[in-house]
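K.L.:
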Amino acid sequence: MLVHDTVATGRSQADADQIRASLRARYEELSAEYEQAVLQSQVLRLVEVGDTAGDDQADSGTKTAERDTAQSLLRTILDRRAQFERALGRLDEGTYGFCEGCSAPIPVERLEIFPSATACVTCKQSRERRAA
Numbered sequence: 039m040l041v042h043d044t045v046a047t048g049r050s051q052a053d054a055d056q057i058r059a060s061l062r063a064r065y066e067e068l069s070a071e072y073e074q075a076v077l078q079s080q081v082l083r084l085v086e087v088g089d090t091a092g093d094d095q096a097d098s099g100t101k102t103a104e105r106d107t108a109q110s111l112l113r114t115i116l117d118r119r120a121q122f123e124r125a126l127g128r129l130d131e132g133t134y135g136f137c138e139g140c141s142a143p144i145p146v147e148r149l150e151i152f153p154s155a156t157a158c159v160t161c162k163q164s165r166e167r168r169a170a
């Protein structure tokens with residue numbers, strides 16, 4: 039059950055609470071994943087600093103690629119966590135489950151697959167076409 043159903047059809051606050059709990063749980067999972075990735079990144083840096091003797095260009099390139107991958111992972115996790123944080127804010131505001139572009143309800147199926155969605159399929163496709 040989703041909030042736009044709760045708002046539009048007058049369903050119970052329990053439905054909204056269930057959605058909130060689900061969003062909060064995913065946010066916490068992403069926070070734990072981020073902390074783990076930070077620790078792995080720190081270990082990678084320590085190994086890198088202590089293990090540079092005899093490095094050739096290929097070794098340096100590999101280390102740089104590993105570092106870039108670790109940083110990319112951190113940014114991705116932070117972005118996903120921010121999306122869930124925003125979804126929680128929208129839930130509190132009463133706008134969760136409605137498209138930010140056209141204000142239409144976001145289909146239940148879309149929110150079940152992508153709970154932090156802020157756009158209906160039509161608006162999302164329009165944005166993607168403009169970005170391409």
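For reference, each letter of the sequence shown is one residue, going 39 to 170 in the working numbering. Using N, Cα and C, we set each Cβ at its ideal position, and we do this for glycine too. All values derive from a computational prediction rather than experimental measurement.
Grab the span of the alpha helix (DSSP H) containing ALA142 for me, first residue to last.
P.N.:
Unbroken run through ALA142: none, as it is neither H nor E.
K.L.:
Find the nearest neighbour of PRO143 within the set TYR134, GLN80 and GLU150, judged by alpha-carbon distance.
P.N.:
PRO143 has its Cα closest to that of TYR134, out of TYR134, GLN80 and GLU150.
K.L.:
Bridge partners for PHE136 per DSSP, in chain order?
P.N.:
Beta-bridge pairing links PHE136 to PRO143.
K.L.:
Measure the alpha-carbon distance for GLU66 versus LEU77 and round it to whole angstroms.
P.N.:
Computed Cα separation, rounded: 17 Å.
K.L.:
In its own chain, which residues sit with a C-beta less than 8 Å from the C-beta of LEU129, not counting the 5 before and 5 after it?
P.N.:
VAL41, ALA54, ILE57, ARG58 and LEU61, listed in sequence order.
K.L.:
State the Cα-Cα distance for the pair LEU84 and ARG119, rounded to the nearest angstrom.
P.N.:
Each residue's alpha carbon lies about 27 Å from the other.
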